[in-house]
Amino acid sequence: MSLWGWILLACVISIATKYLGFLVPAKLLDNPRMLRVAGSLTIGLLAALTAVNTFASGQTLVLDARVAALVAAAVALWLRAPFLVVVAVGALAAGLARLLGAV
Amino acid sequence: MLLQSPAVRVALSVAIATGLYGLSFGALSVAAGLDLLQTMALSLLLFSGGSQFAFIGVIAGGGSGISALSAATLLGIRNGVYGMQINVLLRPARWRKLAMAHLTIDESVATATGQSDPDEQRRGFWAAGAGVFVLWNLFTLVGALAGNAMGDPARWGLDGAAVAAFLGLLWPRIRAKEPAAIAVVCAVVTLIAVPLVPPGVPILIAAVVAAVLGLSGLGPATEGLEPDVEPYPPGSAARGAEGDA
């Protein structure tokens, strides 16, 4: 399937997931195991995406300018900067690290 | 007159803040290799920031379409739980449910559940949902156009921006030891898997590990499910039910 196909299918599934929540009986909300899995999935996926985007280059692990972005973003978040500032700080840190000779 | 509603005022500030970071999504999406229309399709139809970033994050790393779809879908499961919460909270008429479902995202849920008066909850949900939808799409377009004009993403540190974006999405959900443990375990598992399996797959392996950790009862019941926005400052009068969202 082409990229377009995967994009549109992801969109359909997203809408269906949200809509399904409005259709199932409210009793499901009392199921702590279901809530716990949904919560830990969210955390695990975001952590995995952070790790891959920082350290992976194809199928190899590398240390490059993106590590500077990770550290700078963590500092910005710790200082309670808003999301857009955090993203800009990440870009700036990676750009600066490259200027200073990082890969 | 509508502007006198506290929920609507909160919703507007949430919509502006969230809409603006559509800029970073638009720019990163074209840097990942999606074209302008594909980028807009994600913002208009998928409409869930975390899942959209997940999709383009997998593609940018060389992952396949099905890996990108799987990551976006798994990350979107929480929206189904939000849907249940909003359905219980607002008890919408059947014909409204599809529109409300599309607007069910972190921001609209957090704004609604932070109010205690049912009318204010309803206004907060619609104002935040529609406000974020309009501004998120507008700024996605601006970001994508700017990204197209910028050329090589690495030169501008856009790969660093993606790292920061994912950390920024994760950060507000780490408020206790258990979610932090889940995050560390999943990050380590991902990195171990990177050299062993095709790009994109490590993220799905981490999802399986996260689900197993959740099933085995690690962490309080709703940890990680709080919306990743805090529309009401701690201690403000309007917080109401948000604590147990």
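Quick mapping for you: the protein sequence lines, in order, are chains W and B. Each number in this note's numbering comes from the position in the first sequence (counting from 1) with 23 added on. Each number in this note's numbering comes from the position in the second sequence (counting from 1) with 15 added on. For every residue, glycine included, the Cβ atom is placed at its ideal position computed from N, Cα and C.
>> Comparing C-alpha positions only, which one of L173(B), P217(B), M99(B), L89(B) sits nearest to Y42(W)?
In response: M99(B)
> Considering only residues of the same chain and omitting the five flanking positions on each side of L31(W), which have a CB-CB separation below 6 Å?
Replying inline: none
> How would you write the range of the alpha helix (DSSP H) that P194(B) sits in, first residue to last?
Replying inline: 192–208
> Straight-line CA distance for V124(B) to L51(W)?
Replying inline: 18 Å
>> Tell me the DSSP secondary structure of L86(W) in three-state form.
In response: coil
>> If contacts are defined as beta-carbon pairs under 8 Å, then A33(W) and F70(B) qualify, I think. What distance do you get, rounded to the angstrom?
In response: 6 Å
>> Assuming contact is defined by CB atoms lying nearer than 7 Å, are A71(W) and L185(B) in contact in what I supplied?
In response: no
> If you measure beta-carbon to beta-carbon, which residues of the stretch 74–103 of chain W are closer than 8 Å to chain B?
Replying inline: A74, V75, N76, T77, F78, A79, G81, Q82, T83, L84, A88, R89, A91, A92, L93, A95, A96, A97, A99, L100
> According to DSSP, is E257(B) helix, strand or coil?
Replying inline: Model confidence at E257(B) stands at a pLDDT of 38, short of 50, so the residue's coordinates are unreliable; what they give is reported in the following sentence. Helix.
>> Against chain B, with Cβ distances strictly below 7 Å, would K41(W) count as a contact?
In response: yes
>> Please list, in chain order, the chain W residues whose beta carbon lies closer than 7 Å to that of D174(B).
In response: R89, A117
>> Determine whether the beta carbon atoms of A179(B) and G67(W) lie at a separation below 7 Å.
In response: no
> Taking a cut of 9 Å between CB atoms, which residues from the stretch 49–66 of chain W lie near chain B?
Replying inline: A49, L51, L52, P55, R56, M57, L58, R59, V60, A61, G62, S63, L64, T65, I66
>> Could you check whether the Cβ of V110(W) sits closer than 7 Å to any Cβ belonging to chain B?
In response: yes
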